[in-house]
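See structure below.
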Amino acid sequence: MTKHRICVIIPILNEAGTIGPIVEAIRAKNIDVLIIDDGSTDNSGSIAQQKGAVVIRHESKKGKGFSLRDGFAYAIQKAYKGVITMDGDGQHDVENIDHFMQHPKRQEDCLINGNRMNCVHNMPWLRRVTNRFMSLLISLFAKQKIADTQCGFKYISCRILRDIHLKSNDFEIETEVLMKAAKKGYRIYSMDIKTIYGDENSKIHPLKDTLRFISYFSKEIFS
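Residue numbers for the sequence shown follow our numbering, so the first one is 945 and each next one is one higher.
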């Protein structure tokens, strides 16, 4: 085991149509993959396992945040240097993993956040507006510019994960990681990534999840 060994963590829910090629492409890079199967009713987890991933399965849906917290605990227990989180619906380009690995700051205890906002012509307009709003608020709180706070494609040092106590069960996990890392004084860098928008339906509900974000953000500010 090398000190720079990482693990890619992917929470999934019914991604049988996309997860196989994603895992296969990551494993071809000789990188470990951990799948958190969050109560899928198709054979997503089995496909991922056949392609070489370690799979943790939830018998019922727990939420993205709960799934990522399970994945972070696994990475810490297995003594990984850091993790890369990404989605299993095919929107994140596996080739960007190489960019995270080659980022000049990766050897530090830092967080490298994917940034989709320099190429938004294919991003749904409502997601674009809410993301810019959320990113502005979080950047002000963090006292450092974070261009795309709702991006799920990021590198996180396991030292950071050991140093922050995460509680979120749903999509506000993206906000919680950034705010708690910033509060502890860690530097957050942005890295442009390519995002592939197809016919998939987003699991993010614009109104419900924006309200959840505002609720969490308010609590974190006054905690």
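No residue lacks a Cβ here, since even glycine has one placed at the ideal position from N, Cα and C.
For C1102, the enclosing alpha helix (DSSP H) begins and ends at 1102-1107. The residues I950, C951, V952, I953, G1015, F1016, A1019, Y1099, I1100, C1102, L1105, in chain order, have a CB closer than 8 angstroms to that of V1027 in the same chain once the five nearest residues on each side in sequence are set aside. Scanning its chain for C-beta atoms nearer than 6 angstroms, with the 5 sequence neighbours on each side dropped, one finds around S1112 the residues G1009, E1120, in chain order. Proximity to K1025 across R1050, D1033, E1003, I1041 peaks at R1050, based on C-alpha coordinates. Using a 10 angstroms sphere on the CB of G1129, the tally of other CB atoms stays under 16, which defines it as exposed.
The continuous beta strand (DSSP E) containing T1029 extends over residues 1026-1029. Distance check between S1083 and each of D1053, A1126, P1068 places A1126 closest, using alpha-carbon atoms only. By the neighbour-count criterion, in which a residue is buried when 16 or more other Cβ atoms sit within 10 angstroms of its Cβ, L1122 is buried. Residue environment analysis places E1116 among the buried positions, since at least 16 neighbouring C-beta atoms fall within 10 angstroms of its C-beta.
Counting every other CB atom within 10 Å of its CB across the protein chains shown gives F1097 a total of 16 or more, marking it as buried. Only residues of its own chain outside the window of five on either side were considered, and among them S1083 have a CB closer than 7 angstroms to the CB of K1089, listed in chain order. One alpha carbon belongs to P965, the other to A992, and they sit about 9 angstroms apart. In the DSSP secondary-structure assignment, S1134 is bridged to N1057. Taking each of L1055, A969, H1036 in turn and checking the Cα distance to A1086, the smallest one comes out for L1055. Relative to the Cα of K1163, the nearest Cα in the group I1132, D1136, K1124 belongs to K1124.
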